[in-house]
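Q:
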Amino acid sequence: MNYNLASPLFGHSLTQGTRLALSVAGQEVSYAALAALAQRVAGWIGRQGTSRAPGFVGILASRSVEAYAGVLGACWSGNAYVPLNPELPEERLAQLLGIIQPVAVIVDDTGRHALSARVRNAVSAPILNSLDELPAFAPHDRPRRVGAEDVGYMIFTSGSTGIPKGVLVPNRAVHHLVNMLQDVYGFGPEDRFSKAYNLSFDGSVHDMFTAWNSGGSLHPVPASQLMAPMKFIQERKLTVWASVPSTAVFLERGKMLQPGAFPSLRCTIFSGEPLPLRSALAWQKAAPNSVIDNICGHTECCVFSTLERLTDPPNVTPKRGLVAIGRPLPGFTAAVFDESCRPLGAGQEGELALCGPQVALGYFQDPDRTAKRFPVIDGKVWYRTGDLVYREESGIYHHLGRIDDQVKIRGHRVELGEIEANLAEICGSDSVAAVAWPVDHGSARGVAVFHCVEGLPAEKVREALMRRVPRYAVPQQVLQLAGLPLTANGKVDRRLLVEMLDSKAERAK
Amino acid sequence: MNDRLIVRSLLRGLLNQTGDHDDFADGDSLVMSGRLDSVDTLDLVVFLEEKYGIDFAERGFEKNDLDSVDSIMSLIGTTQGPSK
């Protein structure tokens, strides 16, 4: 069997070639046309004379035909794709390109702007600047045969040492994800899928490959409409909406969710951050024909792992006002682990651990961290998620936060240690700390950092961090203290720092 | 206070909350540039709904509509006629 991620799209191009596969930036692309583009991109990659196949193809593009043809072409050619967000600061982009050593890079208009001299210097591979450079369509070329365990894509997440971690996801994980979701939802060619997630978020893996597995069409939401996509959902008559819950929270609080506004939706998937019940209920009224699913997921387990469907009455995590994270999706075995990876019983709090065909291969060039986070127990590979959870007797899981220093800033996964590692270099001192602040309904809105270097202007610190970390991880508050508060065991007392910020904000009101 | 000053002062307050004390011109991008996030924009939406009766649920909006003082003024203008 060929596990190539482009195979389902190729199959549909033969049986329903004229059907819409992609509608982006004013262009409507049929299955036949998208498969032809993917084949031509693969042909171009093949001509670059690389001896390192399979290798990584960098996709420095977003919400464009080039971006999706690039992803599919990379897969078609038997390589793995690596999304690179064009909005990253140039130092970070150069760092990532240095790590992955791509065999080729595909850019669109936005990506071209990100290719500064410094970033170009980090790339020795050929760059596809325009689809006009592609070779002619070779109708007999098929997606190259790849195996279940070959890498399909690599997505970078924040790393606590200051260096981003590349999560290696094999083809079998995506294969399982899309077929499992097909069974859960019964998607078909009539379905019209949103694509709200950026390519560098693994939610996009679901959007693209589930849509093209079902024969439906993919509708990337323009960046300008992401915040308030009401018109987009209505005009495109979307049937499937998948996004972070912030979209529902924003529309609900802005009183923009009118009852019955989205009659076309039949399936809504919220994931990536906690789902407040109030927003979920408001969305349900706006989309009366849709199931509302809260899905918990991890990049290391190929997008989605547990599911809770909004019911009446709903399953809510006590005292948090959040929808529960539900039960493991088909194929997954879940457990609550103690610190020594021993399973805990119902009602006991511990770390969510997952096992099954969607578990990733590990972290790129990081065997130590891989061994730590992906322990092998009784011959099976588990992933320790770092999520603090408990399981009800009924089998429903509830999310209580993190057991480590990973936070979600506006839906983006950030290791506070990564900000601190960069801050320590900027300050020339290890007496630094970062906290997520302020936190609103379980989601952090920003970062605040502390250092002890007298006379170091806050703006200098912000500017230096701006060049090193993604914009959402740049602190809004930079504070200098005489010394950092410590806990009884000598660690920085982040809770006290948060209390300090809270009371300062309270006084300013 | 005229509408433009009211809008400027609201945006100034929102930027200050995020620790951004830099100046901004009437045409400067605040939302698309990331200086204001979705929660700040929500404050802006609620303010415009309450003060100027703009029904965002009905008309919808794009980030560009609220991106700068100028674009917000034009939004108020199209909803209410010329601002005073």
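If you're matching them up, the sequences are chains A and B in order.
Counting from 1, position 270 in the first sequence corresponds to residue 270 in the working numbering; the numbering is continuous, with no gaps.
Counting from 1, position 70 in the second sequence corresponds to residue 1070 in the working numbering; the numbering is continuous, with no gaps.
A virtual CB, placed ideally from N, CA and C, is assigned to each residue, including glycine.
Is there a Cβ from chain A that is less than 9 Å from the Cβ of Gly1060/B?
A: As a first step, residue 1060/B is located in the second sequence; it is residue number 60 there, counting from the start. Taking a beta-carbon distance threshold of 9 Å, Gly1060/B counts as an interface residue toward chain A.
Q: Work out the CA separation of Ala464/A and His1021/B for me, nearest whole Å.
A: The sequence position of residue 1021/B within the second sequence is 21, counting from 1. The sequence position of residue 464/A within the first sequence is 464, counting from 1. Those two C-alpha atoms are separated by around 17 Å.
Q: From the DSSP output, in three-state form, read off Tyr3/A for me.
A: Against the first sequence, residue 3/A aligns to sequence position 3. DSSP places Tyr3/A in coil when its eight states are reduced to three.
Q: Could you give the residue range of the alpha helix (DSSP H) that holds Thr247/A?
A: On the first sequence, position 247 is the one that residue 247/A refers to. It spans Ser246 to Arg253 - the alpha helix (DSSP H) in which Thr247/A sits, taken as one unbroken run.
Q: Any heavy atom of the ligand HEM inside 8 Å of the beta-carbon of Gly162/A?
A: Judged by which ligands are present, the structure shown has none, so any question about the ligand HEM falls away.
Q: Hey, out of Pro143/A, Arg172/A and Gln95/A, whose CA is closest to Pro164/A's CA?
A: Sequence index remark: in the first sequence, residue 164/A carries index 164 (1-based). Of Pro143/A, Arg172/A and Gln95/A, the residue nearest in Cα terms is Gln95/A.
Q: Using the beta-carbon of each residue, which ones in chain D are nearer than 9 Å to Phe1024/B?
A: In the displayed structure, chain D is absent; the protein chains listed are A and B.
Q: Any C-beta of chain A sitting closer than 9 Å to the C-beta of Lys1063/B?
A: Numbered from 1 along the second sequence, position 63 holds the residue referred to as residue 1063/B. By this cut-off, Lys1063/B is an interface position.
Q: For the segment 247-264 of chain A, which residues have a beta carbon sitting closer than 9 Å to at least one beta carbon of chain B?
A: Thr247, Val249, Phe250, Leu251, Arg253, Gly254, Lys255, Met256, Leu257, Gln258 and Ala261
Q: Look at the Cβ atom of His399/A, then the Cβ atom of Pro274/A, and state whether they are nearer than 9 Å.
A: Against the first sequence, residue 399/A aligns to sequence position 399. Against the first sequence, residue 274/A aligns to sequence position 274. A Cβ-Cβ contact shorter than 9 Å links His399/A with Pro274/A.
Q: May I ask you to report which of helix, strand or coil DSSP gives Lys1084/B?
A: As a first step, residue 1084/B must be located in the second sequence, where it is residue number 84. A caution first: Lys1084/B carries a pLDDT of 39, below 50, which makes its placement in the model unreliable, though a value can still be read off. Coil at Lys1084/B, not helix or strand.
Q: How should Gln365/A be labelled, buried or exposed, when 16 other C-beta atoms within 10 angstroms of its C-beta is the threshold for buried?
A: Numbered from 1 along the first sequence, position 365 holds the residue referred to as residue 365/A. Around the beta carbon of Gln365/A, a 10 Å sphere encloses fewer than 16 other beta carbons of the protein chains shown; the residue is thus reported as exposed.
Q: Check the C-beta distance from Leu168/A over to Met154/A and give it rounded, since I have them as a contact under 8 Å.
A: As a first step, residue 168/A is located in the first sequence; it is residue number 168 there, counting from the start. As a first step, residue 154/A is located in the first sequence; it is residue number 154 there, counting from the start. So it is a contact: roughly 5 Å between Cβ atoms.
Q: Taking Leu1042/B as the query, report the chain A residues whose CB atoms sit under 7 Å from its CB, ordered along the chain.
A: Your numbering for residue 1042/B matches position 42 in the second sequence. Near Leu1042/B (Cβ distances below 7 Å), the residues of chain A are Phe250, Arg253 and Gly254.
Q: Using 8 Å for Cβ pairs, my map puts Ala228/A next to Phe1056/B. What's the rounded Cβ distance?
A: Working through the first sequence from its first residue, we reach residue 228/A at position 228. Working through the second sequence from its first residue, we reach residue 1056/B at position 56. Contact holds; Cβ gap of about 7 Å.
Q: Confirm, please, whether the CB-CB distance from Ser64/A to Ala35/A is below 9 Å.
A: Counted from its first residue, the first sequence places residue 35/A at position 35. Counted from its first residue, the first sequence places residue 64/A at position 64. The answer is no: Cβ separation not under 9 Å.
Q: Return the CA-CA distance between Gly147/A and Lys408/A, expressed in angstroms with no decimal places.
A: Taking the first sequence and counting its residues from 1, the one referred to as residue 147/A is at position 147. Taking the first sequence and counting its residues from 1, the one referred to as residue 408/A is at position 408. Each residue's alpha carbon lies about 34 Å from the other.
Q: Thinking C-alpha only, which one of Ala324/A, Val244/A, Arg47/A and Ala6/A is nearest Tyr390/A?
A: Taking the first sequence and counting its residues from 1, the one referred to as residue 390/A is at position 390. In this structure, Ala324/A is the residue among Ala324/A, Val244/A, Arg47/A and Ala6/A with its C-alpha nearest to the C-alpha of Tyr390/A.
Q: Since Lys380/A is in the beta strand (DSSP E), which residue starts that stretch and which ends it?
A: Here residue 380/A refers to the residue found at position 380 when the first sequence is read from its first residue. Where Lys380/A is concerned, the enclosing beta strand (DSSP E) stretches over Lys380 to Arg391.
Q: Just list the residues that DSSP pairs Pro170/A with in beta bridges.
A: Indexing the first sequence from 1 puts residue 170/A at position 170. Answer by DSSP bridge pairing, in chain order: Val151/A.
Q: For Gln95/A, report the span of its alpha helix (DSSP H) as first-last.
A: Along the first sequence, read from residue 1 onward, the residue named residue 95/A stands at position 95. Counting along the chain, the alpha helix (DSSP H) containing Gln95/A begins and ends at Glu90 to Ile100.
Q: Starting from the beta carbon of Arg410/A, find every residue of chain B whose beta carbon is closer than 9 Å, and list them in chain order.
A: Along the first sequence, one-based indexing puts residue 410/A at 410. The contact set of Arg410/A on chain B, defined by CB atoms closer than 9 Å, consists of Asp1037, Ser1038 and Val1039 in chain order.
Q: Which of the residues in the segment 465-485 of chain A, read from start to end, lie with their CB under 7 Å from any CB of chain B?
A: Arg471, Gln476 and Gln477
Q: Which term fits Thr268/A, buried or exposed, when burial requires 16 or more other beta carbons within 10 angstroms of its beta carbon?
A: On the first sequence, residue 268/A is found 268 positions in, with the first residue counted as 1. The residue is buried, with at least 16 neighbouring Cβ atoms inside 10 Å.
Q: Shortest alpha-carbon distance to Leu479/A belongs to which of Glu454/A, Leu486/A, Pro83/A and Arg495/A?
A: Along the first sequence, read from residue 1 onward, the residue named residue 479/A stands at position 479. Of the listed residues, the one whose Cα sits closest to Leu479/A is Glu454/A.
Q: Using only the alpha-carbon positions, how far apart do Glu404/A and Ala114/A sit?
A: If you number the first sequence from 1, residue 404/A lands on position 404. If you number the first sequence from 1, residue 114/A lands on position 114. In the sequence on display, residue 404/A carries Asp and not Glu. So the alpha carbons of these two residues sit roughly 33 Å apart.
Q: Once DSSP output is grouped into helix, strand and coil, what is the label at His219/A?
A: The sequence position of residue 219/A within the first sequence is 219, counting from 1. Strand.
Q: What does a CB cutoff of less than 7 Å around Leu1030/B pick up in its chain, not counting 5 residues either side in sequence?
A: Reading the second sequence from its first residue, position 30 is the one you call residue 1030/B. Only Leu1011, Phe1024, Leu1036, Asp1067 and Ser1068 meet the Cβ criterion.
Q: On the criterion of 16 or more Cβ atoms from any shown chain inside 10 Å, does Met1001/B qualify as buried, or is it exposed?
A: On the second sequence, position 1 is the one that residue 1001/B refers to. Answer is exposed; the Cβ neighbour count stays below 16.
Q: Please classify Pro139/A as buried or exposed, where buried requires at least 16 neighbouring CB atoms within 10 angstroms.
A: Within the first sequence, residue 139/A is the residue found at index 139, counting from 1. Pro139/A should be labelled exposed.
Q: Restricting to Cα atoms, I'd like to know which of Gly362/A, Asn85/A, Pro457/A and Val29/A is closest to Leu199/A.
A: Here residue 199/A refers to the residue found at position 199 of the first sequence. Measuring from the Cα of Leu199/A, the nearest candidate turns out to be Asn85/A.
Q: Report yes if the C-beta distance between Val82/A and Gly58/A is below 9 Å; otherwise report no.
A: As a first step, residue 82/A is located in the first sequence; it is residue number 82 there, counting from the start. As a first step, residue 58/A is located in the first sequence; it is residue number 58 there, counting from the start. It is a contact, given that the beta carbons lie within the stated cut-off.
Q: Could you work out which residue in Asp430/A, Asp440/A and Trp437/A is closest to Cys452/A when comparing CA atoms only?
A: Sequence index remark: in the first sequence, residue 452/A carries index 452 (1-based). Of the candidates Asp430/A, Asp440/A and Trp437/A, the one whose C-alpha sits nearest the C-alpha of Cys452/A is Asp430/A.
Q: So Asp150/A and Pro54/A are in contact, right, with Cβ under 8 Å, and what is the actual spacing, rounded?
A: Numbered from its first residue, the first sequence carries residue 150/A at position 150. Numbered from its first residue, the first sequence carries residue 54/A at position 54. Yes, Asp150/A and Pro54/A are in contact; Cβ-Cβ is about 6 Å, under 8 Å.
Q: Verify whether the separation of the beta carbon atoms of Thr110/A and Ala74/A is less than 9 Å.
A: As a first step, residue 110/A must be located in the first sequence, where it is residue number 110. As a first step, residue 74/A must be located in the first sequence, where it is residue number 74. Result no, Cβ atoms of Thr110/A and Ala74/A do not sit closer than 9 Å.
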